[in-house]
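>
Protein chains: 2
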Amino acid sequence: METQKIVILGCGNVATYFAERFMQLKHAIVQVYHPDLKKATSFATAYHAEATANLSEINQTADLYFIAVKDIAIESIAENISNVNGIVVHTSGAVKLEALRKHQRAAVFYPLQTFTKGIKTAHQQFPLLIESKEKSDEKYLEQLALEMGLQVHFINSTQRTEIHLAAVFAANFANHCIKIGYDLMAAQRHAPEMLLPLIKESIHKLNYISPAQAQTGPAIRHDDVTIAKHLDMLNNDASLKLLYELLTKNIQSSNL
Amino acid sequence: METQKIVILGCGNVATYFAERFMQLKHAIVQVYHPDLKKATSFATAYHAEATANLSEINQTADLYFIAVKDIAIESIAENISNVNGIVVHTSGAVKLEALRKHQRAAVFYPLQTFTKGIKTAHQQFPLLIESKEKSDEKYLEQLALEMGLQVHFINSTQRTEIHLAAVFAANFANHCIKIGYDLMAAQRHAPEMLLPLIKESIHKLNYISPAQAQTGPAIRHDDVTIAKHLDMLNNDASLKLLYELLTKNIQSSNL
Numbered sequence: 007m008e009t010q011k012i013v014i015l016g017c018g019n020v021a022t023y024f025a026e027r028f029m030q031l032k033h034a035i036v037q038v039y040h041p042d043l044k045k046a047t048s049f050a051t052a053y054h055a056e057a058t059a060n061l062s063e064i065n066q067t068a069d070l071y072f073i074a075v076k077d078i079a080i081e082s083i084a085e086n087i088s089n090v091n092g093i094v095v096h097t098s099g100a101v102k103l104e105a106l107r108k109h110q111r112a113a114v115f116y117p118l119q120t121f122t123k124g125i126k127t128a129h130q131q132f133p134l135l136i137e138s139k140e141k142s143d144e145k146y147l148e149q150l151a152l153e154m155g156l157q158v159h160f161i162n163s164t165q166r167t168e169i170h171l172a173a174v175f176a177a178n179f180a181n182h183c184i185k186i187g188y189d190l191m192a193a194q195r196h197a198p199e200m201l202l203p204l205i206k207e208s209i210h211k212l213n214y215i216s217p218a219q220a221q222t223g224p225a226i227r228h229d230d231v232t233i234a235k236h237l238d239m240l241n242n243d244a245s246l247k248l249l250y251e252l253l254t255k256n257i258q259s260s261n262l
Numbered sequence: 007m008e009t010q011k012i013v014i015l016g017c018g019n020v021a022t023y024f025a026e027r028f029m030q031l032k033h034a035i036v037q038v039y040h041p042d043l044k045k046a047t048s049f050a051t052a053y054h055a056e057a058t059a060n061l062s063e064i065n066q067t068a069d070l071y072f073i074a075v076k077d078i079a080i081e082s083i084a085e086n087i088s089n090v091n092g093i094v095v096h097t098s099g100a101v102k103l104e105a106l107r108k109h110q111r112a113a114v115f116y117p118l119q120t121f122t123k124g125i126k127t128a129h130q131q132f133p134l135l136i137e138s139k140e141k142s143d144e145k146y147l148e149q150l151a152l153e154m155g156l157q158v159h160f161i162n163s164t165q166r167t168e169i170h171l172a173a174v175f176a177a178n179f180a181n182h183c184i185k186i187g188y189d190l191m192a193a194q195r196h197a198p199e200m201l202l203p204l205i206k207e208s209i210h211k212l213n214y215i216s217p218a219q220a221q222t223g224p225a226i227r228h229d230d231v232t233i234a235k236h237l238d239m240l241n242n243d244a245s246l247k248l249l250y251e252l253l254t255k256n257i258q259s260s261n262l
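Next up, the structure:
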């Protein structure tokens, strides 16, 4: 693919990740938008791009407008981009394509992955979910994603919401259970990192077996003595105790 | 350490893992016990060991009696081992040392790790939690664990229960959240494995930041629109909906 002119809207984790990937593929970040000009400038400098805090100043000749901002800001940003001919995409799992209704060349470019500034992504081959108003733009975005070595899936807005909900359980909620484990360790002055080999091995198993097959522990064993002991230990935290009970019940009923 | 004579009681995942490690260190598995003689025999054969289904036939001259069985079976097995001089250990996170009260040389040898037969453990350097009635046996077990490259911690029964509870959240409950994610994918005919790069990357981040810092998603962003949409999608599964609500509330209140 020849060099594409790209405007990045947003300076967060997703914007940072893809700006880097676009650069590696020799595309040109021509402009960076953020309502805070300082942030826009600091981000833009790294790519020798222009910075702006004003949507009326958006470069009108770019090939791609890459909106990677908070869900609630997507629609209003899209509404305030005018007179552009390139494709306008957003990168959210939970926002419909419809949020970009002002633009004929509109699409969603949703990475099923988590990014954090400053942490090099170890799993670079993740699914990239594309939905496009125009068939020809779909091809273009597919090519862009394939160049990055991503796994392309064509997914409509309803399907994307389904996958996003699944991802919330599998990533956000799983991470929160790990956080609770860390908190319980710290509360008793044990080093939380002691749990890491166990956590990593649990995930490693998912390369070979399903999470249903991988389940271990008192709940799946119906080990009522241990469960009662654990609930007793959680007596001073009603919400944690309720969570333990609910998860245990759910494990037991869904693995009949 | 010179060759130790070891009796393995149990044929499950933990027994299998440690039998293998003991062998690699040139220790001798002299006998395998399981109430089902077929199972005992099949396990023992791999180690050129005797098999027995009868606790009255336990070899009385071994250095170590390694009880790796279900929690509820530990005490009765220990009670029925007689006239032995070696150390009797169990490997459970949730059972007190007291369960081995019959034996003067009694100890706990608890691996903070998950094992599954047939899956090669990727994270071999995990914490090994030791509690021993006799100080000299503590030294012996430490040496045994260090030989395997494990991280030795001396932990009493109360502390072990605390760590076990934390591990249930960080491993069992986190795995269950992943299972729910897989189920939600499958229910809508999406390939559950699409979630794997995301799941792996979430865990990879924990090498650098805490799970509290790593949290992303609608709950931590207080994205009420997406949360409401997700709850609506879970309307046909009351227990899953409750779990979503509870986890969301817990994320929001514990990351103030």
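Those sequence lines, one after another, are chains R and A.
End of the first sequence sits at 262 in our numbering; the numbers just go up one at a time, nothing left out.
End of the second sequence sits at 262 in our numbering; the numbers just go up one at a time, nothing left out.
C-beta: ideal position from N, C-alpha, C; glycine also.
Just so you know, these numbers come straight off a predicted model, no measurement behind them.
When DSSP labels each residue in this structure, what does residue 34(A) get in the three-state scheme?
The answer is strand: DSSP assigns residue 34(A) an E or B state.
> So, residue 204(R) versus residue 177(A), is the Cβ gap smaller than 7 Å?
Result yes, Cβ atoms of residue 204(R) and residue 177(A) sit closer than 7 Å.
> According to DSSP, is residue 179(R) helix, strand or coil?
Helix, per DSSP.
> Does any C-beta atom of chain C lie closer than 7 Å to the C-beta of residue 24(A)?
Within the model displayed, chain C is absent; protein chains R and A are what it includes.
> Taking 8 Å as the threshold, find out whether the region 166-180 of chain R comes into contact with the region 187-203 of chain A through three or more Cβ pairs.
The region 166-180 of chain R vs the region 187-203 of chain A: in contact.
> I'd like to confirm the pairing. Which residues does DSSP put opposite residue 58(R) in its beta bridges?
Residue 58(R) pairs with 39(R).
> Once DSSP output is grouped into helix, strand and coil, what is the label at residue 74(A)?
Three-state result, residue 74(A): coil.
> Give a yes or no on whether 7 Å exceeds the smallest Cβ distance from residue 181(R) to chain A.
Answer yes: the Cβ-Cβ gap between residue 181(R) and chain A drops below 7 Å somewhere.
> With C-beta atoms as the reference, is residue 129(R) less than 7 Å away from residue 148(A)?
Their beta carbons are not under 7 Å apart, which means residue 129(R) does not touch residue 148(A) by this criterion.
> Return yes when at least one heavy atom of the ligand HEM lies under 6 Å from the C-beta of residue 179(R), else no.
In terms of ligand content, the structure shown is empty, and the ligand HEM therefore cannot be addressed.
> Quick check on residue 234(A): buried or exposed, where buried means 16 or more other Cβ atoms within 10 Å of its Cβ?
So residue 234(A) ends up on the exposed side.
> Helix, strand or coil: how does DSSP classify residue 228(R) here?
Residue 228(R) falls in the coil class under three-state DSSP.
> For a test of the three-state rule: what should DSSP assign to residue 108(A), helix, strand or coil?
Looking at residue 108(A) - three-state DSSP - the assignment turns out to be coil, as it is neither helix nor strand.
> With DSSP run on the structure shown, which of helix, strand or coil describes residue 236(R)?
Here residue 236(R) sits in helix by DSSP.
> Do residue 54(A) and residue 46(A) have their C-beta atoms closer together than 7 Å?
No, these two residues do not count as a Cβ contact at 7 Å.
> Give me the Cα-Cα distance between residue 52(R) and residue 257(A), rounded to the nearest whole angstrom.
If you take the alpha carbons of residue 52(R) and residue 257(A), they lie about 34 Å apart.
> Mind checking the region 81-92 of chain A against chain R and listing, in chain order, the residues whose C-beta falls within less than 9 Å of any C-beta there?
Cβ contacts with chain R: none found.
> Which one or two residues does DSSP pair with residue 115(A) in a beta bridge?
BP columns for residue 115(A) point to 136(A).
> Specify the secondary structure class of residue 69(R) as computed by DSSP and reduced to three states.
If DSSP states are grouped into helix, strand and coil, residue 69(R) belongs with coil.
> Whole angstroms are fine: how far does the CA of residue 91(R) sit from the CA of residue 63(R)?
Cα to Cα, residue 63(R) sits roughly 15 Å from residue 91(R).
> If we count the other Cβ atoms within 10 Å of its Cβ and call it buried at 16 or more, is residue 228(R) buried or exposed?
Residue 228(R) is exposed by the Cβ-count criterion.
> Output the distance between the C-alpha atoms of residue 246(A) and residue 195(R), rounded to the nearest integer angstrom.
Going from the Cα of residue 246(A) to the Cα of residue 195(R) covers about 33 Å.
> Do residue 172(R) and residue 187(A) count as a contact pair if the criterion is CB distance below 7 Å?
In this structure, residue 172(R) lies closer than 7 Å to residue 187(A) by Cβ.
> For the beta strand (DSSP E) that contains residue 96(R), what are its first and last residues?
Note, residue 96(R): beta strand (DSSP E), 93-96.
> Any beta-carbon of chain A closer than 7 Å to the one on residue 172(R)?
It does; some Cβ of chain A falls within 7 Å.
> According to DSSP, simplified to helix, strand and coil, what is residue 129(A)?
Correct three-state label for residue 129(A): coil.
> Using a C-beta to C-beta distance shorter than 8 Å, which residues of chain R count as neighbours of residue 104(A)?
Here the premise fails: no neighbours, minimum Cβ distance about 13 Å.
> Of the residues that make up the region 240-261 of chain R, which ones have a beta carbon closer than 9 Å to any beta carbon in chain A?
So the close ones are 240, 245, 246, 248, 249, 250, 252, 253, 254, 255, 256, 257, 259, 260 and 261.
> Should residue 193(R) go down as buried or exposed, given a rule of 16 or more other Cβ atoms within 10 Å for buried?
Its Cβ having fewer than 16 others within 10 Å, residue 193(R) is exposed.
> With a 10 Å radius around its C-beta and 16 neighbouring C-beta atoms as the bar for buried, classify residue 238(A) as buried or exposed.
Result: exposed.
> At which residue ranges does the region 136-161 of chain A contain complete beta strand (DSSP E) runs of 3 or more residues, listed in the order of the chain?
Taking only runs of at least 3 residues, the beta strand (DSSP E) segments lying wholly in the region 136-161 of chain A are 157-160.
> Helix, strand or coil: which one does DSSP assign to residue 174(R)?
In this structure, residue 174(R) counts as helix in the three-state DSSP scheme.
> When the Cα atoms are used, what is the spatial distance from residue 77(A) to residue 231(R)?
Distance between the alpha carbons of residue 77(A) and residue 231(R) is about 9 Å.
> Strictly below 7 Å CB to CB, what residues from chain A border residue 214(R)?
The contacting residues are 125.
> What is the DSSP secondary structure of residue 212(A), reduced to helix, strand or coil?
Coil.
> Is it buried or exposed for residue 215(A), if we count other Cβ within 10 angstroms and need 16 for buried?
Looking at its Cβ environment, which holds fewer than 16 other Cβ atoms inside 10 Å, residue 215(A) is exposed.
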